[in-house]
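Everything on this sheet refers to the single structure shown next.
Residue numbers (this note's numbering): -2 to 412.
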């Protein structure tokens, strides 16, 4: 194990490497350093503690914010990055591999900063605020949520009039859905699966549970690697979309008998249950790319198993059933891309975190007039992020002519 000094140096190298691929967030950080839009503002964040997150923390610190950071997944924390973040002036409450009790203690410690704005990844911090730290709610003026799962929970809170402050749905931007959810999740999921198993995907049957933006990206990458892809869905429209993309669509009860690799990416619980596990092939690989460890029923898998062999490979546990079949669970059913891999490429997180940073400054400006609820990211923020990304790549796009602008904004001109 590295000592704290060596850990910090290793973390700084990792952060520097990520920052090279994040020109948009670097540009935002430089703007923040000049303008100081967050001067003196207290921010509590519950995010994956990775090198890419560290670049976001640096940008917010450059804008003048005081930050306390907890981990949104105990298995994704990069301890060297956590150590290096101290040099950024960020109070980090995170350590890899902690248990559930320690995970929530870290969230409480981050909340001890008495935040004015919160950043969340899955809604655990916001939920804790509303259930156990209600004394802090009057001081919270807004928040941002990074994930599909978190947005689902927040919209439920808003529908029940339980949400006490405005939250920006950073997950719902066009840039995040397209690049983060689709390309980021697609690539990083198979990065994690292949690191954990060293399996060959060509010729295998990969079952993808869920065909939202993330599921679409997983299916595309699986097909690109030579796999046969089966999609399972509950939404007829998404099921039809998968068919028109050329994928086989089946209920999980049917797909379970044929799959070699299963990837859940739905945001819901018990997607793979006991009746599915009972009919799977010997050697079937089970991976979750949804936010929480509830999509694969791990307790049912434990009940079916006669023997469990932990860590037959790093992040791979083998469950031996009564008839000798072996099922391989990756990353304990948690996020395979961040536990067995390093998560999304930095170039993808560049756009997501730039949108997050700009949404924070929008909240800081507009919080007085906003009422509790879930808000979309302002379109101009999404457009600015895309513009900066293209500019960093030296790419130009066309602009509308005055006549085109007039045509689009007038009903008087016919065809």
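Where is the CB? At the ideal position from N, CA and C, for every residue including glycine.
Just so it is clear, the structure is predicted and the values come from calculations on it, not from any experiment.
Where residue i falls: helix, strand or coil (DSSP)
| i | result |
| --- | --- |
| residue 124 | helix |
| residue 178 | helix |
| residue 22 | helix |
| residue 137 | coil |
| residue 92 | coil |
| residue 396 | coil |
| residue 107 | helix |
| residue 66 | strand |
| residue 164 | strand |
| residue 72 | coil |
| residue 194 | helix |
| residue 276 | coil |
| residue 170 | coil |
| residue 59 | helix |
| residue 291 | coil |
| residue 202 | strand |
| residue 132 | helix |
| residue 117 | strand |
| residue 281 | coil |
| residue 142 | strand |
| residue 87 | coil |
| residue 221 | helix |
Under 8 angstroms between C-beta atoms of residue i and residue j
| i | j | result |
| --- | --- | --- |
| residue 18 | residue 347 | yes |
| residue 181 | residue 144 | no |
| residue 315 | residue 327 | no |
| residue 318 | residue 303 | yes |
| residue 239 | residue 230 | yes |
| residue 281 | residue 260 | no |
| residue 47 | residue 78 | yes |
| residue 187 | residue 345 | no |
| residue 52 | residue 12 | yes |
| residue 76 | residue 93 | yes |
| residue 330 | residue 160 | no |
| residue 413 | residue 372 | Missing from the structure shown is residue 413; the chain here goes from -2 to 412 and no further. |
| residue 25 | residue 4 | no |
| residue 162 | residue 140 | yes |
| residue 390 | residue 22 | no |
| residue 37 | residue 61 | yes |
| residue 198 | residue 219 | yes |
| residue 335 | residue 73 | yes |
| residue 133 | residue 42 | no |
| residue 268 | residue 205 | no |
| residue 91 | residue 66 | yes |
| residue 340 | residue 45 | yes |
| residue 226 | residue 244 | yes |
| residue 394 | residue 387 | yes |
| residue 20 | residue 361 | no |
| residue 151 | residue 157 | no |
| residue 189 | residue 338 | yes |
| residue 283 | residue 70 | no |
| residue 179 | residue 207 | no |
| residue 364 | residue 138 | yes |
| residue 292 | residue 312 | no |
| residue 234 | residue 246 | no |
| residue 349 | residue 173 | yes |
| residue 359 | residue 376 | no |
8 angstroms contact criterion, which residue i and residue j should meet: CB distance rounded
| i | j | result |
| --- | --- | --- |
| residue 257 | residue 194 | Rounded, the Cβ-Cβ distance is 11 angstroms, inconsistent with contact. |
| residue 153 | residue 342 | Not really, about 32 angstroms apart at Cβ, beyond 8 angstroms. |
| residue 63 | residue 1 | At roughly 23 angstroms, the Cβ-Cβ gap does not stay under 8 angstroms, so residue 63 and residue 1 are not in contact. |
| residue 40 | residue 112 | 6 angstroms |
| residue 49 | residue 15 | 5 angstroms |
Would you mind listing the alpha helix (DSSP H) stretches within the region 298 to 382 that are 4+ residues and don't spill past its ends, in chain order? The alpha helix (DSSP H) runs lying completely inside the region 298 to 382 and spanning 4 residues or more are 333 to 336 and 343 to 363, given in chain order.
Would the region 291 to 305 count as touching the region 266 to 277 if we require 3 or more Cβ pairs under 8 angstroms? In short, these stretches touch, since the Cβ pair count reaches three.
Enumerated in chain order, which unbroken segments of the alpha helix (DSSP H) with a length of 4 residues or greater are wholly contained in the region 224 to 274? Fully enclosed alpha helix (DSSP H) runs of 4 or longer: 233 to 241, 249 to 252 and 271 to 274.
May I ask you to verify whether the region 241 to 257 touches the region 160 to 179, counting CB pairs closer than 8 angstroms and requiring at least 3? Of all C-beta pairs linking the region 241 to 257 to the region 160 to 179, fewer than three are shorter than 8 angstroms, placing the two stretches out of contact.
Any chance the region 79 to 86 sits against the region 96 to 111, with 3 or more Cβ pairs inside 8 angstroms? Note that the region 79 to 86 does not touch the region 96 to 111; fewer than 3 beta-carbon pairs, one per stretch, sit closer than 8 angstroms.
Ignoring anything shorter than 3 residues, give me the beta strand (DSSP E) runs that lie fully in the region 2 to 53, in order along the chain. Segments of the beta strand (DSSP E) lying fully in the region 2 to 53: 39 to 44.
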